[in-house]
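Beneath this line is the structure, given in structure tokens, with notes to follow.
In the numbering used here, the protein residues as written are 1 to 117.
Below is the structure:
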């Protein structure tokens, strides 16, 4: 059973924004606070790639392809991780997943993001 549930995807035009959410309801708040969390994505016909990371202290890191456009954040009380995606490009089209670091073997279903005019 997946430990994380992603939501918030959709179809948007280039240049618009979306905010994705990742729920970690199976974890206690105490444990979730300690988890480094990542967002990944998988485009059609390609492998899964890492997108962004946030550690327990709130420090963040981004793939070069999204740096300056995406923002990862977390709400420990709600056990949620967010990915604010701005200035979206067609090449951002993918299924987006979240997972802890190191990742669980069981991945969620992801949420589809399609950027198209």
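The beta-carbon is built from N, C-alpha and C at its ideal position, and this holds for glycine as well.
Owing to the predicted nature of the structure, the values given are computational and were not obtained by experimental measurement.
Distance, residue j Cα to residue i Cα
| i | j | result |
| --- | --- | --- |
| residue 9 | residue 23 | 14 Å |
| residue 107 | residue 5 | 9 Å |
| residue 49 | residue 99 | 12 Å |
| residue 60 | residue 37 | 10 Å |
| residue 55 | residue 16 | 27 Å |
| residue 12 | residue 69 | 15 Å |
| residue 84 | residue 57 | 19 Å |
| residue 103 | residue 53 | 12 Å |
| residue 62 | residue 110 | 19 Å |
| residue 81 | residue 51 | 13 Å |
Residue i - DSSP class collapsed to helix/strand/coil
| i | result |
| --- | --- |
| residue 117 | coil |
| residue 109 | coil |
| residue 59 | coil |
| residue 42 | strand |
Where the beta strand (DSSP E) containing residue i begins and where it ends
| i | result |
| --- | --- |
| residue 53 | 48 to 54 |
Original post:
Where are the beta strand (DSSP E) runs, 3 residues long or more, that stay fully inside the segment 64 to 107, in chain order?
Top reply: 70 to 75, 80 to 85 and 94 to 100
Original post:
Are there three or more Cβ pairs, one per stretch, closer than 8 Å when the segment 87 to 97 is compared with the segment 34 to 44?
Top reply: yes
**OP:** May I ask you to verify whether the segment 21 to 37 touches the segment 73 to 85, counting CB pairs closer than 8 Å and requiring at least 3?
**Re:** yes
Original post:
Can you list the alpha helix (DSSP H) stretches of 4 or more residues lying completely in the segment 10 to 36, in chain order?
Top reply: 29 to 34
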